[in-house]
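Same order as they appear, the protein sequences are chains A and B.
For the first sequence, the numbering used here begins at 5 and goes up steadily by one.
For the second sequence, the numbering used here begins at 5 and goes up steadily by one.
In what follows, a single structure is set out as structure tokens and then discussed.
2 protein chains.
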Amino acid sequence: MSSLKNDRFLRALLREPVDMTPVWMMRQAGRYLPEYRATRSKAGSFMDLCMNPELACEVTLQPLDRFPLDAAILFSDILTIPDAMGLGLYFTEGEGPRFERPVQDEAAVAALGVPDPEQELGYVMDAVRTIRRELDGRVPLIGFSGSPWTLATYMVEGGGTKNFAQVKGMMFDRPDLMHQLLEKVSASVTSYLNAQIAAGAQAVMIFDTWGGVLSPADYRKFSLDYMKRIVDGLVRESEGRKVPVILFTKNGGQWLEQMAATGCDALGVDWTTDLADARVRVRDSVALQGNIDPCVLNASPERIRDEVAKVLASYGHGPGHVFNLGHGIHPNVNPEHAGVLVDAVHELSKAYHSPGVKGEKWGD
Amino acid sequence: MSSLKNDRFLRALLREPVDMTPVWMMRQAGRYLPEYRATRSKAGSFMDLCMNPELACEVTLQPLDRFPLDAAILFSDILTIPDAMGLGLYFTEGEGPRFERPVQDEAAVAALGVPDPEQELGYVMDAVRTIRRELDGRVPLIGFSGSPWTLATYMVEGGGTKNFAQVKGMMFDRPDLMHQLLEKVSASVTSYLNAQIAAGAQAVMIFDTWGGVLSPADYRKFSLDYMKRIVDGLVRESEGRKVPVILFTKNGGQWLEQMAATGCDALGVDWTTDLADARVRVRDSVALQGNIDPCVLNASPERIRDEVAKVLASYGHGPGHVFNLGHGIHPNVNPEHAGVLVDAVHELSKAYHSPGVKGEKWGD
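Structural data, given as structure tokens:
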């Protein structure tokens, strides 16, 4: 493996000094980029794109060729795991992801196995290896997975849902069965992320998109506890460096203290929580990643810079901040606006870091 | 006006002693009730139902005939105000409410007037008067409005939205224009709620459905400040009693302290916040209304009782709790399950109130 030319992102996640705040954007490889749409139409379906390591690599690198981003993130989908478990993932226009065989009873839970990441999910590991080769050490590569609870919502509902009536129905009426399901999914996520790390992922992020629809007590029992199990089960070192783990519960701003106590290295924070408050609440025990409202990218360049300045000021001085959106970039964003944001983060953040500290690293 | 036979709800909102915890359910008059669906099909469109005071009264009273609820809530829609402002409200199947003439530029904001509640919104006041007459003092009647920010989201987007890109675009790029819009909407909401109180509403609730999509700083500036203006402008006494005001920001659990400081009497709380924590945070300065997950109603009766017990225990002893769902009841709920919830609240809550305290009141 070639040495890493820019390790600002990894250093910030470990709360080590950097020269400027690293930045990447959730869904940075996506529909707002015309070059993404071109590759996507070449690939066929969305899952065809995920399953083709060369094309997945191509779209992963596209935003890096446009913007001086400090990290790449594997192009994939959180539903690869349930698909590998045999649920039959497909996508419908307008309705989003669906499963042919939802998991709604004991027999269905019992029939689930833990996929072998190098077999059923080998296309993901191939994509990780291809991307690492093509990145050639420019920036670190982030691997990721959905959280067990988030994956379970899709598995039980058979797709996206507004009310979560079925998955919560199982949770309230059959907590034993829900725990069985979550245990299998957690084992699958752990082995999936460890395989990504073995294949070359240099940091991993767990996306808990739907933990925020639970009560505090149910969040602990049905989402957080399983994320903690995963954190405990991850191989945290690779290629001679620590592999940081980021937890992100959307709408989880009320639970940051508990999330920080899982042993993860960093928390994703959405824009409904002020980073200054978040930092006080977690007592600088973890790094924070976020948290500008993605809608800011619909505003003028001047306004984007103002809002970037506000987010940087809210985190304040010192290490431990990775700049990001509080949620994925919207498909209708002007790519030039994303560039304005990335440049503003680098330029305006220098004042928050001690002079002379280098984020760039030469040689190893 | 006849005297109020059951004032448990009003007493709890003012943190006065009661014999048991009062309960009502958001959207208690709604599609989960077959009798509602029958009236709805008789009325024509959804707005035809809202605009017909006799039928609006009929559906308002339906849940009270089934369950021993402690309050009635006016059957109406939050979008009556923008409709009265001339935006042309209509409903599409599957897509929800839409406006023919969204408000997206200076000219459109300048053209907006403040509706006269007894003229353009006279049908709402007629419904309030009709319901009060038919209620005949059984329980208090709640009036309501959407919050200015929430109404503005629909007015700018022209309907429901997933990303809030347009309304936030205006907020970020033209904060001056957004404030002009919010000022007009706030004036309209204030006069609308005061007219409901004059017509007979005995408590009012402001639904801030979309305040929770804002950052803390933007929430204060663009949602909370305008709700405070409304609270300041309301006539707070009628028929010789105080008219309590309830604020409810969905996903606003992080901001309860600031909401309590507006001068309102009670806060609606969704299920992502523990009532014990909420009570400590607001220091018992306001009553709390909530907060069971509406999905609990999809579980078995035994489980519903367990979850009711948990919510009652989380609030704990003493006055100041109004039991409610944390969001509107879902259309697919079995009405018998709603009855189980209401009965469980009354039965299980007696232990949390001092013996001998009466919520029923005879005479005046």
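Heads up, the beta-carbon is just placed ideally off N, CA and C, and yes, glycines get one too.
None of the values given here were measured: they were computed from a predicted structure.
With 16 other Cβ atoms within 10 Å as the buried cut-off, status of B:D87: Under this definition B:D87 is a buried residue.
Candidates B:M231, B:T25, B:V239 and B:F103: closest to B:M263 by CA position: B:M231
Alpha-carbon to alpha-carbon, B:T84 and B:E122: Roughly 13 Å separates the two Cα atoms.
Whole-angstrom distance between A:M55 and A:L139, CA atom to CA atom: 19 Å
Neighbour flag for A:N336 against chain B, beta carbons, 8 Å: yes
A:P103 versus A:G90, A:T64 and A:W28, residue with shortest Cα-Cα distance: Note on identity: in this sequence residue 103 of chain A is Phe, with Pro being the wrong assignment. Measuring from the Cα of A:F103, the nearest candidate turns out to be A:G90.
Interface residues of the region 220-241 of chain B facing chain A [CB-CB below 7 Å]: P220
Cβ pair A:F148, A:L78 closer than 8 Å: yes
Host alpha helix (DSSP H) of A:A291 (start-end): Unbroken run through A:A291 is the beta strand (DSSP E), A291 to I296; no alpha helix (DSSP H).
A:S227 beta carbon less than 8 Å from that of A:A280: no
Listed by chain order, chain A residues near B:W275 by CB distance under 7 Å: S219
Same chain, Cβ closer than 7 Å to B:D74, five either side skipped, listed in chain order: N10, R12, F13, P26, V27, W28 and V143
Burial state of A:E351 (16 or more Cβ within 10 Å): Here A:E351 is exposed. Its C-beta has fewer than 16 other C-beta atoms within 10 Å.
Beta-carbon proximity of A:R136 to A:G204, cut-off 8 Å: yes
Assumed close pair A:T253, B:P220 - CB separation to whole angstroms, cut-off 8 Å: Wrong, their Cβ atoms sit about 17 Å apart, outside the cutoff.
is_contact[A:E311, chain B] using C-beta, thresh 8 Å: Cβ-Cβ to chain B under 8 Å: yes for A:E311.
Within-8 Å CB hit, A:R285 to chain B: Taking a beta-carbon distance threshold of 8 Å, A:R285 does not count as an interface residue toward chain B.
Straight-line Cα distance separating A:S190 from A:A115: 16 Å
Own chain partners of A:V247 with C-beta closer than 8 Å, once the 5 adjacent residues on each side are dropped: I201, A205, Q206, A207, V208, L238, V239, R240 and E241
Neighbour list for B:S304 in chain A, Cβ cutoff strictly below 9 Å: F176 and D177
Residue from A:G216, A:A265 and A:V107 with nearest C-alpha to A:K258: Before going on, a small fix: residue 258 of chain A reads as Gln here, not Lys. Nearest of A:G216, A:A265 and A:V107 to A:Q258, Cα basis: A:G216.
Distance between B:Y94 and B:M51 (C-alpha atoms, nearest Å): Rounded to the nearest whole angstrom, the C-alpha separation of B:M51 and B:Y94 is 8 Å.
Those residues which DSSP pairs with A:K246 across a bridge: A:E241.
Cβ of B:W214 within 8 Å of any chain A Cβ: no
Proximal residues of chain A, C-beta to C-beta of B:G257 below 7 Å: Q258
Residues of its chain near B:M5, where Cβ-Cβ distance is below 8 Å and the 5 sequence neighbours each way are ignored: In this prediction, B:M5 scores a pLDDT of 49, lower than 50, which makes its location untrustworthy; no coordinate-derived value is stated.
A:F168: contacting residues in chain B (beta-carbon distance under 7 Å): C299
Within chain C, partners of A:G173 - CB distance below 8 Å: No chain C is present in this structure, whose protein chains are A and B.
Proximal residues to A:W366 (C-beta, below 7 Å), its chain only, five neighbours per side dropped: Because A:W366 carries a pLDDT of 36, less than 50, the predicted location of this residue cannot be relied on, and the following value inherits that uncertainty. Counting only Cβ-Cβ distances below 7 Å, and skipping sequence neighbours, we find nothing.
Residue-chain proximity (B:R245, chain A), Cβ-Cβ < 8 Å: no
Within-8 Å CB hit, A:D180 to chain B: no
Residues near B:T43 by beta carbon distance below 8 Å, same chain, minus five either side: Closer than 8 Å at the Cβ level, and outside the excluded window around B:T43, lie L53, L59, E62, V63 and Q66.
Distance between A:Y127 and B:L197 (C-alpha atoms, nearest Å): 59 Å
Length-filtered (4 minimum) alpha helix (DSSP H) runs lying within the region 246-332 of chain B: Complete alpha helix (DSSP H) runs here, min 4: 260-264, 279-285 and 305-319.
Run of the alpha helix (DSSP H) containing A:D69, from where it starts to where it stops: Note, A:D69: alpha helix (DSSP H), P57 to R70.
Among A:Y356, A:V346 and A:H357, nearest to A:F71 - alpha-carbon criterion: A:V346
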